[in-house]
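Engineer: Take this structure first; my questions come after.
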Amino acid sequence: SSAITTTLRIPSVRLTDSDPSVIRSFSYTNTTIILTVPNSYIPAFAANRSLALRWLYGHVLPFYPRSKITLISLGNDVSDSQPDVSPFLLPAARNLRLALHDLGIYKISVSTTFSFLNIITTAFPPSNAEFQQPAGELIVKPWLQFLDDTNSSFLVNIYPYNMYRLNYEIPIGFALFQEHPFNFRDDVVTGVRYRNLFDMMVDAVISAMAVAGHENLPVIVAETGWPSSGGNVNEADANEVYAEMYLRGLVAHLNSGLGTPLRKEGVAETYIYELVDKDVKPQGTRNWGVLYQNMTKKYNIE
Numbered sequence: 073s074s075a076i077t078t079t080l081r082i083p084s085v086r087l088t089d090s091d092p093s094v095i096r097s098f099s100y101t102n103t104t105i106i107l108t109v110p111n112s113y114i115p116a117f118a119a120n121r122s123l124a125l126r127w128l129y130g131h132v133l134p135f136y137p138r139s140k141i142t143l144i145s146l147g148n149d150v151s152d153s154q155p156d157v158s159p160f161l162l163p164a165a166r167n168l169r170l171a172l173h174d175l176g177i178y179k180i181s182v183s184t185t186f187s188f189l190n191i192i193t194t195a196f197p198p199s200n201a202e203f204q205q206p207a208g209e210l211i212v213k214p215w216l217q218f219l220d221d222t223n224s225s226f227l228v229n230i231y232p233y234n235m236y237r238l239n240y241e242i243p244i245g246f247a248l249f250q251e252h253p254f255n256f257r258d259d260v261v262t263g264v265r266y267r268n269l270f271d272m273m274v275d276a277v278i279s280a281m282a283v284a285g286h287e288n289l290p291v292i293v294a295e296t297g298w299p300s301s302g303g304n305v306n307e308a309d310a311n312e313v314y315a316e317m318y319l320r321g322l323v324a325h326l327n328s329g330l331g332t333p334l335r336k337e338g339v340a341e342t343y344i345y346e347l348v349d350k351d352v353k354p355q356g357t358r359n360w361g362v363l364y365q366n367m368t369k370k371y372n373i374e
């Protein structure tokens, strides 16, 4: 993994399974790393700090700081995939942070990763967005306070592809960063004009955070991408041409430094899902990799 990311000049990676051998492979590289704790571990971490400490002994202590771990995400899309685990997020995060401090580690942040469609009410217009209830009041708002108190970041998965599939009246070019006179949407409340769907979704997150009283938290897009092949026959928009347009447009937009209408400095970081097509996939799964299984490039993206 580290050899590929070095060759492709990838500055940061997010590891979804936090395999110790992969973490070790990034030793003495300049690649920064986000680790992920499995959702199923969260209740145990909440109940017992020593279990969080044990996980750190296996995944952080042997490799840090030679491997540049910057953040640990407690789970991914917990609120939807395992809602019964959500109440344990905050106590687990506090215990994980204390366990890091027990080891004398103060520069690794703790967060969790949410999915846009499962926590935000709307992106049309972004200024009307709020966190979905009841999770917004019960889970997200206290979580935002924790992030503020600990100088951490809000991580969210943003997939314009999924939003486009839910709203076919959205022009495909608007989802793919294509410059076109008609590729825009106006926020009728603020009068702001949006030129791509990604910015609308980011600003919907910013608006929801503002409603919850935490509008200035850094936002990290933990996953985004466009599938090069679909899970079934009616996913004609999942193809390599569109995937390359999306990824090239995304990278150019992020490199432009324009940010979004509601956040001029833009998102703190954006992670493309995913580096390599999965080897064995269940029937009906999409391909998201930037590389084919044989490690050759699918796209020409700088």
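Here the sequence shown is numbered in my numbering, starting from 73 and rising by one per residue.
Note that CB positions come from ideal geometry on N, CA and C, so glycine has one too.
Please classify residue 266: does DSSP put it in a helix, a strand, or coil?
Structural biologist: Taking the sequence shown and counting its residues from 1, one reaches residue 266 at position 194. Note: residue 266 maps to strand in three-state DSSP.
Engineer: Per DSSP, what kind of secondary structure is residue 186 in: helix, strand or coil?
Structural biologist: As a working note, residue 186 is residue 114 in the sequence shown. Correct three-state label for residue 186: strand.
Engineer: Under 7 Å between the Cβ atoms of residue 146 and residue 184?
Structural biologist: Translated into positions along the sequence shown, residue 146 becomes position 74. Translated into positions along the sequence shown, residue 184 becomes position 112. Yes, the Cβ-Cβ distance between residue 146 and residue 184 is below 7 Å.
Engineer: Answer with buried or exposed for residue 367, where buried requires no fewer than 16 other C-beta atoms within 10 angstroms of its C-beta.
Structural biologist: Your numbering for residue 367 matches position 295 in the sequence shown. When all chains shown are included, residue 367 counts as exposed.
Engineer: Residues bridged to residue 363 by DSSP?
Structural biologist: Residue 363 sits at position 291 when you count from the first residue of the sequence shown. Partner(s): 348, 369.
Engineer: In the DSSP assignment, what are the bridge partners of residue 140?
Structural biologist: If you number the sequence shown from 1, residue 140 lands on position 68. 104.
Engineer: Give the range of the beta strand (DSSP E) segment to which residue 293 is assigned.
Structural biologist: Counting from 1 along the sequence shown, the entry for residue 293 is found at position 221. Counting along the chain, the beta strand (DSSP E) containing residue 293 begins and ends at 291-296.
Engineer: Let me check understanding here. Comparing Cα to Cα, which of 113, 172, 198, 189 lies closest to residue 181?
Structural biologist: Here residue 181 refers to the residue found at position 109 of the sequence shown. It is 172 whose Cα lies nearest to the Cα of residue 181.
Engineer: Run through DSSP, which three-state label would residue 249 get?
Structural biologist: Counting from 1 along the sequence shown, the entry for residue 249 is found at position 177. Coil.
Engineer: Output the distance between the C-alpha atoms of residue 362 and residue 195, rounded to the nearest integer angstrom.
Structural biologist: Stepping through the sequence shown from its first residue, residue 362 is reached at position 290. Stepping through the sequence shown from its first residue, residue 195 is reached at position 123. Distance between the alpha carbons of residue 362 and residue 195 is about 27 Å.
Engineer: Check whether the region 204-224 touches the region 233-244, taking contact to mean three or more Cβ pairs, one atom from each stretch, closer than 8 Å.
Structural biologist: no
Engineer: Check whether the region 115-128 touches the region 77-84, counting contact only when three or more Cβ pairs, one atom from each stretch, lie closer than 8 Å.
Structural biologist: no
Engineer: Classify residue 318 as buried or exposed, calling it buried when 16 or more other Cβ atoms lie within 10 Å of its own Cβ.
Structural biologist: Sequence index remark: in the sequence shown, residue 318 carries index 246 (1-based). Around the Cβ of residue 318, a 10 Å sphere holds 16 or more other Cβ atoms; the residue is buried.
Engineer: Under 8 Å by Cβ, that's how I've got residue 303 and residue 358 pegged, so tell me the actual separation to the nearest angstrom.
Structural biologist: Residue 303 sits at position 231 when you count from the first residue of the sequence shown. Residue 358 sits at position 286 when you count from the first residue of the sequence shown. Correct: roughly 5 Å between the Cβ atoms.
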